[in-house]
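To keep things clear, I will list the structure first and then write my remarks on it.
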């Protein structure tokens, strides 16, 4: 975060304005988040003085130097400081022309794969009322297609991933459904095959899965632990909240079925963290209460939350007042997260951990996620999609595991999803982390995978500002804690 001094000559009598940045204060210290670089800088008094003396319409070089000298700086120091701030990726910008929108370059067309999401079955033993795959907002067209992936399709998928990963030394496979464990026998065989093939290819391979936990048993738990398979459980909280939407086909709630299985999973699976993923819906918005139950009562290592994906208005959609309540709950847990971090402890609220990780790594996204880029979904039939949320959706197929990637369709998807095409994002300071939001959410809400998720903009900016302040406090008071987030996780 320390600013580096440069001695390059400036043009004669330039005019300056602030670069595109977001200012914030954390623990009594001033910081800026520099949008063009996705970088965070601490401001000393001198740098703060430069920014303070800049009007919106800009200020001439000589006027700015004179103002700094009047505030106690030596002329040469003022000249050097201005030069430095101009050269450090635009903290101070040239005001002579129009403001320029900056965005990351598009990745190369041969960008290597890093991960596959294998939808090993489209079947599920629950009937969750908000399910994006089978509910009111579904985009899947599964009629006439296989409901369970075959072992041959799965093996071909693994071979495809290893080949398309090019020079990458590590790849990742996520197993998904439907309910993933309805096809556990295939999952087991694929893990064993993938481990063997990856070893022969000189690559490391890791695994994860998402499950509703209704089918967990000793055999499954032991296999997942023995093979270091990360487990994410879709669960919405204590009995009254879990049973509101996550029900069996006969309408019976699922909590009593999964609770003993979860306790056994968490007790016996010791090789990877066990994570809960909560879908927030109408009536399921008490974030703190849900977290307490999942983390403290059941023992999940990490708990993450996401609002339900829905079109303009479904019965389960969250109202604006309830979204405000959700954000208040997020802030309460964020404060706890910081208290734990200052003691050198992990808290378990993954919404903070994930954002801090991106800030630490200096993420500046061209696209919201790896969908269609380093990650692809594979349907039971072998069709390729941008991610698991587009599985079996004919309008979003990007090829087939047997014939390869449809380069033209993939290119079109990525071109429309690039942050540079989203006009509404071009003045948003939070775009390096957001890049417009989820492709699937955009399609469900606006009918276009490349549309910015405008309904979440205020939420994203406020939450990003909260996490920036957490980062700033840690950077000053416990910088070594941030080292835990320096390595990027596999895309899942």
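In the numbering used here, the protein residues as written are 7 to 498.
Built from N, CA and C at the ideal position, the CB exists for glycine as well.
The DSSP-derived three-state label of residue 23 is strand. Note on residue 371: 16 or more other CB atoms within 10 angstroms of its CB, so buried under the neighbour-count rule. Within the DSSP secondary-structure output, residue 214 pairs in a beta bridge with 180, 236. Judged by their CB atoms, residue 290 and residue 300 are not nearer to each other than the 9 Å cut-off.
The beta carbon of residue 395 is closer than 7 Å to those of 138, 446 in its chain, skipping five residues each way along the sequence. Proximity of the stretch 471-485 to the stretch 407-426 falls short of the contact definition, fewer than three beta-carbon pairs being nearer than 8 Å. One Cα belongs to residue 79, the other to residue 88, and the distance between them is close to 12 Å. One thing to note: residue 404 has its Cβ no nearer than 9 Å to the Cβ of residue 430. In this structure, the straight-line span from the alpha carbon of residue 462 to that of residue 413 is close to 31 Å.
Taking 3 residues as the shortest admissible run, the stretch 315-376 contains no complete beta strand (DSSP E) segment at all. With three or more CB-CB distances shorter than 8 Å, the stretch 39-49 counts as touching the stretch 95-110. If you compare the alpha carbons of 398, 52, 183 with that of residue 218, the shortest gap goes to 183. About 26 Å separates the Cβ atoms of residue 229 and residue 174, ruling out a contact at the 8 Å cut-off. Check the Cα spacing between residue 177 and each of 200, 156, 192: the tightest is with 200. Secondary-structure assignment with DSSP links residue 391 through a beta bridge to 383. Note on geometry: alpha-carbon atoms of residue 361 and residue 353 lie some 14 Å from one another. In the DSSP assignment, residue 122 falls outside any alpha helix (DSSP H) and lies within the beta strand (DSSP E) extending over 121-125.
When only Cα atoms are considered, residue 411 and residue 383 end up about 11 Å apart. Classified as buried, residue 204 has 16 or more neighbouring CB atoms from the shown chains inside 10 Å of its CB.
Taking the CA atoms as reference points, residue 469 sits about 22 Å from residue 489. DSSP places residue 280 outside any alpha helix (DSSP H); the residue lies instead in the beta strand (DSSP E), whose first and last residues are 280-286. For residue 340, the CB contacts under 6 Å within the same chain, skipping 5 residues up- and downstream, are 358, 472 in chain order. With respect to residue 365, residue 38 sits apart: the two C-beta atoms are not nearer than 9 Å.
Taking a C-beta distance under 9 Å as the contact criterion, residue 374 and residue 434 do not qualify as a contact pair. Judged by DSSP secondary structure, residue 265 falls within the alpha helix (DSSP H) whose first and last residues are 261-274. Per DSSP, residue 152 lies in no alpha helix (DSSP H) and is assigned neither H nor E. Residue 55 has its alpha-carbon roughly 16 Å from the corresponding atom of residue 27.
In this structure, the alpha-carbon of residue 379 lies about 29 Å from that of residue 477.
For the pair residue 278 and residue 305, the CB atoms are not nearer than the 9 Å cut-off. For residue 139, the secondary structure class from DSSP, reduced to helix, strand or coil, is coil.
Around the C-beta of residue 327, fewer than 16 other C-beta atoms lie within 10 Å, and the residue is accordingly described as exposed. In the three-state DSSP reduction, residue 53 falls in the helix class (H, G or I). Around the C-beta of residue 345, fewer than 16 other C-beta atoms lie within 10 Å, and the residue is accordingly described as exposed. When the five nearest sequence neighbours on each side are left out, the beta carbons in the same chain lying within less than 8 Å of the beta carbon of residue 324 are those of 286, 287, 288, 291, 313, 314, 332, in order along the chain.
According to the DSSP secondary-structure assignment, residue 37 is paired through a beta bridge with 30, 48.
For the pair residue 209 and residue 122, the Cα-to-Cα distance works out to about 15 Å.
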